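Q:
4 protein chains.
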Amino acid sequence: MAQRGRKKGSDGEASRALLLKIAADEFAENGYHETKISDIVKKAEVTQPTFYLYFKSKRAVFEELEDLFRSKLSELANDTRLDTGIDEESLPERIGDGLSAILRFFTQNRSLGRIGFFLSPSAGQLKEQIARKIEENLLAAANAGYFHVNFDMSIAANGLVGMIEQLTVSKLWTGQRSADELAKDIVSIVLYGLKKDCAGSEAITDKL
Amino acid sequence: MAQRGRKKGSDGEASRALLLKIAADEFAENGYHETKISDIVKKAEVTQPTFYLYFKSKRAVFEELEDLFRSKLSELANDTRLDTGIDEESLPERIGDGLSAILRFFTQNRSLGRIGFFLSPSAGQLKEQIARKIEENLLAAANAGYFHVNFDMSIAANGLVGMIEQLTVSKLWTGQRSADELAKDIVSIVLYGLKKDCAGSEAITDKL
Amino acid sequence: MAQRGRKKGSDGEASRALLLKIAADEFAENGYHETKISDIVKKAEVTQPTFYLYFKSKRAVFEELEDLFRSKLSELANDTRLDTGIDEESLPERIGDGLSAILRFFTQNRSLGRIGFFLSPSAGQLKEQIARKIEENLLAAANAGYFHVNFDMSIAANGLVGMIEQLTVSKLWTGQRSADELAKDIVSIVLYGLKKDCAGSEAITDKL
Amino acid sequence: MAQRGRKKGSDGEASRALLLKIAADEFAENGYHETKISDIVKKAEVTQPTFYLYFKSKRAVFEELEDLFRSKLSELANDTRLDTGIDEESLPERIGDGLSAILRFFTQNRSLGRIGFFLSPSAGQLKEQIARKIEENLLAAANAGYFHVNFDMSIAANGLVGMIEQLTVSKLWTGQRSADELAKDIVSIVLYGLKKDCAGSEAITDKL
DNA sequence: AATGAATGAGTCTTCATTCAT
DNA sequence: CATGAATGAAGACTCATTCAT
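Protein chains in written order, with my numbering: chain A, 1 to 208; chain B, 1 to 208; chain C, 1 to 208; chain D, 1 to 208.
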């Protein structure tokens, strides 16, 4: 008896959420232009005007999804930093944990990941940003004496981003590897390389 | 005696080549859908029907460019294999040379590279293919005793592809690094890792 | 309380019907290629997208009209057969009634008739089909002893179809003759010919 | 040594004639709009400008073919009238001869026939014209006492035109009947009808 | 006599978006 | 909250036709 007019309270929110989710999936699967508003609403079983009831435009939903990806990502960054604060872990462990977190994130946010990392026009900038952050960490570690000091960490950081990206697509999303397995392998390569006789390489391999 | 003004307006092959080149650049810069035939012909200073004189459709030019990229790439693969036949080089050198060749190729074929590696719907498959080829090589090297045998070379290969991709975009195409510099650094990471105290890492760094 | 002005602009079925009707008239008058979608929608006072709201393509409307013609025609065939079942009528009367029905049909479905009988690429086949059906009837009558048995009824049937066609255009659609008058005359020719002294010719002429 | 410049004298004329013939066949087979200049020149193994060397426009060739049909037809009319002047023949024979001539004409001028009788926008008028001429003849015969005087010869004439048209398409051009066979059957129907017991019908059937 | 190259003008079709209810 | 109906704007493609050689 309380609410009159609004049929059920949160029905609208539900429609909006549904549309957003479907939009994410469609964009992720077919790309921006290949995805038609008509496709989205068809799958959501609503009509086109309903879509515009909740979103200003096609571009707007897409941007909302980009933002959503970015905010989830930075949330992840914060969380990771937090529990890394314990600092009891060794460097390889810390790096591995960070990678794991990122990869798990991609596992759980596939559509959003595709949008923010592959489809978004600003995906390039985002990756650069991430690379820069990674670079900082690597630099810190280098200064702490863990790495060759004379190596260009910007290259390493960008390379790492590229590895993550490609392995996400080819191994994670295909279900061939789990986030943890992948993280372990990436750490192994990046820290010790493929070459035999490289001290420590066995260590990490065994550990994780 | 020399041709005056507009090359006689009568070299069809040239018109076609011009259109193809402009198309490549436009696609690379703006993506498939953002690129309008009208943009292409405007830049080529011809009219729309002229475009259709040389290409069956918009999709057709795009596919021609995809094919062109792929054929140039496989040509590169063949060439590289050939002069690697000398075999006087050490493994790191050979890997470095291969990487250099690839990166130089991307330097020289920026638009085509964007199309074939980023814009093409089959870019994913192509990368997988390349990864598979790299994997074979790594496997051979591993069997020859150069690498840890128990490491998953499929991961390494895909990771390498990802590194190349990302570094091409962020370092090569921005002009921050040359193909050779980049190749050297990638080899260094992939073979010896970032960790200090890893035998050989200095060696390669000095050498290249 | 009555609807004001433009029927509310909100009866889709009506819009569709209107477009279909106008399309029929335009096609009939100007042929397939001379008829532009832009003409149709202009006459219907809607915009082009509205057309595509109701029809998949230009070719599709045309085909719908072809189908419509054919189904109306076969409906006519069924109806005619039914009330001829009474069988109290003489042969000439039955033939005359059938012809009348066909000609009335053409009078009432001029545009559709032009489309199905003249414009449709399959008009030829349709006429052949009709001729075959007429032939069957004539054959039956011949076997019942009404006609010369040795006459080629396939010729007669096709000739009859041709007469109907030409007379529809030249006499019916110009308003010079009514369906019934025409039917009477056609029967007279086909059954008794033009030659004087042919028994029965007066009979039918008087009767109808 | 005589002609210089013109490579061979009549080469141009030959090209023109070839183009015209091919155009006729293409129009006849596919209709006006479905026939593209590019199709015609491809079949003629010349280029598009060559077409325009001989014809002002697409519409112009078509009109030339319409005219050609009409002039051949009126030539036929004249010829027929001439040798009918012998006048020794009976009426049915004369009519049969006339029909034969027309049908033979259509046999030999299929493409032109399709164009002038089916494709031409003025085909309707042409048929009316022919019908009018036939009507005159029938009227004359009627006045001479051969036919029922009270029958509407305009109907008969148009009916006859329709029969000719349909039988040409369905029997003549399919090769099922010869011009002479068809002429005989048409005369039989038009003069004596299908009904049995009609004096004279056997006569003609036997005769032709 | 003939052609390689190019174009003006037009048509179909699509899609994101809005109005009125 | 939701929809049936409609549209503005734009883009791909085609074809008859013409230059310059």
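Quick reminder that beta carbons are idealized off the backbone N, C-alpha and C, glycines included.
Being a predicted model, the structure only gives us computed values, none of them experimental.
Counting along the chain, where does the alpha helix (DSSP H) carrying alanine 183(B) start and finish?
A: Residues 179-192.
Q: Going along the chain, which residues of the segment 108-135 of chain B sit with their C-beta nearer than 8 Å to a C-beta in chain A?
A: Within the segment 108-135 of chain B, the residues whose Cβ lies closer than 8 Å to some Cβ of chain A are Gly124, Lys127, Glu128 and Ala131, listed in chain order.
Q: Can you grab the Cα-Cα spacing for the pair glutamine 3(D) / aspartate 67(D), in whole Å?
A: At glutamine 3(D) the pLDDT is 40, less than 50, meaning the model places this residue with poor confidence; the figure from the coordinates comes in the next sentence. Taking the straight line joining both Cα atoms gives about 33 Å.
Q: Which whole runs of the alpha helix (DSSP H) in the segment 104-128 of chain A are 4 residues long or more, in chain order?
A: Segments of the alpha helix (DSSP H) lying fully in the segment 104-128 of chain A: 110-114.
Q: Measure the beta-carbon distance from glycine 31(B) to leucine 119(B) and round it to whole angstroms, keeping in mind my assumption that it falls under 8 Å.
A: The Cβ separation is near 6 Å, so the contact holds.
Q: Compute the beta-carbon to beta-carbon distance between glutamine 166(C) and valine 161(D), rounded to the nearest angstrom, for a pair I have assumed lies under 8 Å.
A: Confirmed, Cβ separation roughly 5 Å.
Q: May I ask you to list the residues that DSSP assigns as paired with lysine 195(D)?
A: Phe147(C), per the DSSP bridge assignment.
Q: Name, please, each residue of chain C whose Cβ falls closer than 8 Å to the Cβ of glutamate 165(D).
A: In chain order: Gly162, Glu165 and Gln166.
Q: Please return the same chain residues whose Cβ sits closer than 7 Å to the Cβ of arginine 16(D), not counting the five positions on each side in sequence.
A: Cβ within range, chain order: Tyr54.
Q: By the three-class DSSP mapping on this structure, what secondary structure does alanine 17(C) have?
A: Note: alanine 17(C) maps to helix in three-state DSSP.
Q: Under 9 Å Cβ-Cβ, which residues of chain A neighbour asparagine 158(B)?
A: Going along chain A in sequence order, the residues near asparagine 158(B) (Cβ under 9 Å) are Met163, Gln166, Leu167, Val169, Ser170 and Lys171.
Q: Taking the alpha helix (DSSP H) that glutamine 166(B) belongs to, which residues open and close that run?
A: Looking at the DSSP string, the run of the alpha helix (DSSP H) that includes glutamine 166(B) is 153-167.
Q: Are the beta-carbon atoms of leucine 182(B) and lysine 171(B) separated by less than 8 Å?
A: Yes, the pair counts as a contact, with Cβ atoms nearer than the cut-off.
Q: Buried or exposed, going by whether 16 or more other CB atoms sit within 10 Å of the CB of valine 61(C)?
A: Valine 61(C) comes out buried.
Q: For aspartate 185(D), go through chain C and note every residue whose CB falls closer than 7 Å to its CB, in chain order.
A: Going along chain C in sequence order, the residues near aspartate 185(D) (Cβ under 7 Å) are Asp152 and Ile155.
Q: State the CB to CB distance for the pair leucine 73(B) and alanine 101(B), rounded to an integer number of angstroms; the pair is presumed to be in contact (CB under 8 Å).
A: Not a contact, Cβ separation roughly 11 Å.
Q: Please check the pair isoleucine 40(A) and glutamate 63(A), which I expect to be a contact at CB under 8 Å, by giving their CB distance rounded to whole angstroms.
A: At roughly 15 Å, the Cβ-Cβ gap does not stay under 8 Å, so isoleucine 40(A) and glutamate 63(A) are not in contact.
Q: Taking Cβ positions, are phenylalanine 51(C) and leucine 19(C) nearer each other than 8 Å?
A: The answer is yes: Cβ separation under 8 Å.
Q: Rounding to the nearest angstrom, what Cα-Cα distance links aspartate 11(D) and glycine 124(D) in this structure?
A: The straight-line gap from Cα to Cα measures roughly 37 Å.
Q: Got a sec? Which residues, its chain only, sit under 8 Å from leucine 37(C) by beta carbon, not counting five neighbours each side?
A: Before going on, a small fix: residue 37(C) reads as isoleucine here, not leucine. These residues qualify, in order along the chain: Gln48, Phe51 and Lys58.
Q: Can you give me the C-alpha to C-alpha distance between glycine 5(A) and alanine 14(A), rounded to a whole angstrom?
A: With a pLDDT of 40 at glycine 5(A), under the threshold of 50, the predicted position of this residue should be treated as unreliable, though the coordinate-derived value follows. Using only the alpha carbons, I get a separation of about 17 Å.
Q: Let's see if you can read the secondary structure: which residues bound the alpha helix (DSSP H) around lysine 43(A)?
A: Here the alpha helix (DSSP H) through lysine 43(A) covers 37-44.
Q: Using CA atoms only, rank isn't needed, just tell me which of Glu135(D), Arg114(D) and Ile22(D) is closest to tryptophan 173(D).
A: Per the Cα distances, Arg114(D).
Q: Which first and last residues belong to the alpha helix (DSSP H) in which leucine 48(A) is found?
A: Residue identity differs from the one stated: residue 48(A) is glutamine in this sequence, not leucine. From DSSP, the alpha helix (DSSP H) with glutamine 48(A) extends over 48-54.
Q: Got a sec? Which residues, its chain only, sit under 6 Å from threonine 80(B) by beta carbon, not counting five neighbours each side?
A: Taken in chain order, the residues that qualify are Gly98 and Ala101.
Q: Are glutamate 128(D) and methionine 153(D) close, meaning C-beta to C-beta below 8 Å?
A: No. Outside cutoff.
Q: Serine 71(B): which of Leu91(B), Ile186(B) and Asn109(B) sits nearest, CA to CA?
A: When only C-alpha atoms are compared, the closest one is Asn109(B).
Q: With DSSP collapsed to three states, give me the class of threonine 174(B).
A: It is coil, neither helix nor strand.
Q: Say whether chain D places a C-beta atom closer than 8 Å to the C-beta of glutamate 13(C).
A: Closer than 8 Å: no.
Q: Taking the alpha carbon of phenylalanine 151(C) as the point to measure from, which residue in His33(D), Asp185(D) and Val46(D) has its own alpha carbon closest?
A: The candidate whose alpha carbon is nearest that of phenylalanine 151(C) is Asp185(D).
Q: Grouping DSSP H, G and I as helix and E and B as strand, with all else coil, what is tyrosine 32(B)?
A: Three-state result, tyrosine 32(B): helix.
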